[in-house]
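Visitor:
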Amino acid sequence: MVVFLTRMPPEVIGAQNPIPYSHTADLLYAALDQVGLKLCAELGKHGIQVVPVVTDVPYLHWDVENKHAMGIISRRHAACNAGLGMLGRNTLLINPDHGNMVYIGAVLPGNEVEPDPVACDFTCPPNCSLCLEACPVHALNGITVNQKLCREFSFIVHPRGWDVYTCNACRKLCPHRNGYNQ
Ligand code: SF4
Ligand code: SF4
32 MVVFLTRMPP EVIGAQNPIP YSHTADLLYA ALDQVGLKLC AELGKHGIQV
82 VPVVTDVPYL HWDVENKHAM GIISRRHAAC NAGLGMLGRN TLLINPDHGN
132 MVYIGAVLPG NEVEPDPVAC DFTCPPNCSL CLEACPVHAL NGITVNQKLC
182 REFSFIVHPR GWDVYTCNAC RKLCPHRNGY NQ
């Protein structure tokens, strides 16, 4: 697997309303999908066949009752295995240089590729539970996220059809939001 990241401008998360964050996230998902397509084309010229992994939607599986989504692969776990960071207790990838303000894209090669070393030099501080405490609906338990609780609180569809992310407290309040190498 080939995994790549892009960073949301850190100022966006401080906006007074959810629109800049929501719109930027949509743009980043689309940009990552474009990178995946370009990789398919470029690697294909060298005889390396890859398939793009959808960055956001459509999901491969969608559990209506539990609002639980599954994509083709877990891009967060793939990013860990690709050496791009570690998962925090908020379940987000924390990249050493860019923190959790990263969005992840991937392509699946048909052949084995040599992996980069796993970045295993970070774990959440033992006493930190800021993200768990910040979640208004207690959707985090330090290991996973209850997607139903999270989605029902953090995501709305505007009456005109736009997706709006209305909560990002677990991302915003993490002391390693912008990385842990600084
Ligand atoms: S986005 Fe909001 S609701 Fe969802 S887990 Fe984070 S803090 Fe909780
Ligand atoms: S807030 Fe603390 S526990 Fe949560 S992800 Fe960040 S460092 Fe880890």
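If you count the sequence shown from 1, position 92 lands on 123 in my numbering, and the numbers rise without skipping. Beta carbons are placed, not taken as given, at the ideal position from N, Cα and C, and that holds for glycine. Computed from a prediction, not measured in an experiment: that's the story for all the values here.
1. I'd like the list of long-range same chain contacts for residue 149, defined as Cβ closer than 6 Å, with 5 residues on each side in sequence excluded.
2. Which residue comes first and which comes last in the alpha helix (DSSP H) that contains residue 44?
3. Unbroken beta strand (DSSP E) runs of length 3 or more, entirely within the region 81-142: which are they?
4. Please indicate yes or no: does the CB of residue 200 lie closer than 7 Å to some heavy atom of ligand 1?
5. Classify residue 52 as buried or exposed, calling it buried when 16 or more other Cβ atoms lie within 10 Å of its own Cβ.
6. Below 8 Å between beta carbons: does that hold for residue 33 and residue 82?
7. Between the region 81-99 and the region 123-139, can you find at least three pairs of beta-carbon atoms closer than 8 Å?
8. Only counting the same chain, and skipping five residues up and downstream in sequence, which positions put a Cβ closer than 8 Å to that of residue 185?
9. Name the DSSP beta bridge partners of residue 187, please?
10. With a CB to CB cut of under 8 Å and the five nearest residues on each side skipped, what residues in its chain are close to residue 221?
11. Could you check if residue 107 belongs to the surroundings of ligand 2, using beta carbon to heavy atom distance under 7 Å?
Guide: Put simply:
1. 114
2. Element bounds for residue 44: n/a, residue is neither H nor E.
3. 81-84, 92-94, 99-101 and 133-140
4. yes
5. Residue 52 counts as buried, since at least 16 other C-beta atoms from the protein chains shown sit within 10 angstroms of its C-beta.
6. no
7. yes
8. 196, 197, 198 and 199
9. 195
10. It is not possible to answer for residue 221, since the shown part of the chain is limited to 32 through 213.
11. No, since every heavy atom of ligand 2 falls outside the 7 Å radius drawn around the Cβ of residue 107.
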